[in-house]
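Reviewing the structure listed below.
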Amino acid sequence: MESIQVRDKTFEISISAREIDAAVERIAKQINKDFAEKNPLFLVVLNGAFMFASDLVKKITIPCEISFVKLSSYVGTQTTNTVRELIGLDEVLHDRSVVIIEDIIDTGITMGVATDKLKKLEAKEVKIATLLFKPLAFQRDYKIDYIGIEITNDFIVGYGLDYDGNGRNYPEIYKIVE
Ligand code: IMP
Ligand code: MG
23 MESIQVRDKT FEISISAREI DAAVERIAKQ INKDFAEKNP LFLVVLNGAF MFASDLVKKI
83 TIPCEISFVK LSSYVGTQTT NTVRELIGLD EVLHDRSVVI IEDIIDTGIT MGVATDKLKK
143 LEAKEVKIAT LLFKPLAFQR DYKIDYIGIE ITNDFIVGYG LDYDGNGRNY PEIYKIVE
């Protein structure tokens, strides 16, 4: 589909399913190599990352565990500076290699809070994998270890990403038409 309507806004196609798949494949290959002997714990940040995580872990061929946390900072199309608690983490992280799986890093505030919390739990290492990254919006200075696709600051939906809860279901990524 070239354009879609999500609630009161129109979005146009921005990244095809094929481009997404190529990016996911690249990240998976790298992780398979980097974590071969480490039995990593993938921590998927819900809700947005569910689709990316699902496609990514199907391409992971090394021993691993997968778990889910929830953490969110968005209301509508604007980021808010208050990040809610990390909920649902029931794994012992002590001495483990953790890979956080996110759909998108925008200002970087959400992921900054997540990694700070995880480091306090004494993980051996905490790496970050994000499908999408908005470099022009990024306000932090930590390293992002795996980035699928860099994008401009336009608001996007699809492939797990939502506009007020809607639009997560599309296999492609759409950007807002202003
Ligand atoms: P950050 O804290 O500004 O980096 O925001 C990260 C979170 O905001 C992500 O986990 C997404 O859930 C959400 N987000 C950021 N940009 C977009 C977007 O363009 N569309 C939908 N959600 C977004
Ligand atoms: Mg998210």
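Start counting the sequence shown at 23; every next residue gets the next number (my numbering).
Here a beta-carbon is modelled for each residue, glycine too, at the ideal position from N, C-alpha and C.
Note that the structure is a prediction, hence the values are computed from the model and not measured.
Beta-carbon proximity list for E47, same chain, < 7 Å, skipping 5 on both sides: Excluding positions up to five away in sequence, the list reads K81.
Kindly examine the ligand GTP and report whether one of its heavy atoms sits closer than 7 Å to the Cβ of T132. As far as ligands go, the structure on display features the ligand IMP and the ligand MG and does not contain the ligand GTP.
Could you give the C-beta distance for T152 and I166, rounded to a whole number, given that I count them as a contact under 8 Å? The Cβ separation is near 6 Å, so the contact holds.
Residue range of the beta strand (DSSP E) that D125 falls in? Counted as a single uninterrupted DSSP element, the beta strand (DSSP E) harbouring D125 occupies residues 119-127.
Just to confirm the assignment, what range does the alpha helix (DSSP H) spanning G134 have? 131-142
Is it the case that the region 113-120 contacts the region 59-68, given that we only count it when at least three CB pairs across the two stretches are under 8 Å? yes
Taking buried to mean at least 16 other C-beta atoms within 10 Å of its own C-beta, is V28 buried or exposed? buried
What's the C-alpha gap between E87 and G189? Answer to the nearest angstrom: the Cα atoms are 28 Å apart.
Does the distance from the C-beta atom of I91 to that of L111 stay below 8 Å? Per the sequence shown, residue 91 should be read as Val rather than Ile. Cβ atoms of V91 and L111: closer than 8 Å.
Between E34 and V199, is the Cβ-Cβ spacing less than 8 Å? yes
Can you find a CB in chain D that lies within less than 8 Å of the CB of V199? Structure shown: chain D not included; a single protein chain is present.
Which residues in the same chain as I123 place their Cβ atom closer than 7 Å to its Cβ, once the five residues preceding and following it in sequence are excluded? F64, L65, V66, V67, A71, F74, A75, L78, A151
Quick check on this structure: which residue in F177, L154, V148 has the alpha carbon closest to the alpha carbon of Y164? Nearest option by C-alpha distance: V148.
Between the CA atoms of S25 and Y196 - distance to the nearest angstrom: Distance from the CA atom of Y196 to the CA atom of S25, rounded to whole angstroms, is 8 Å.
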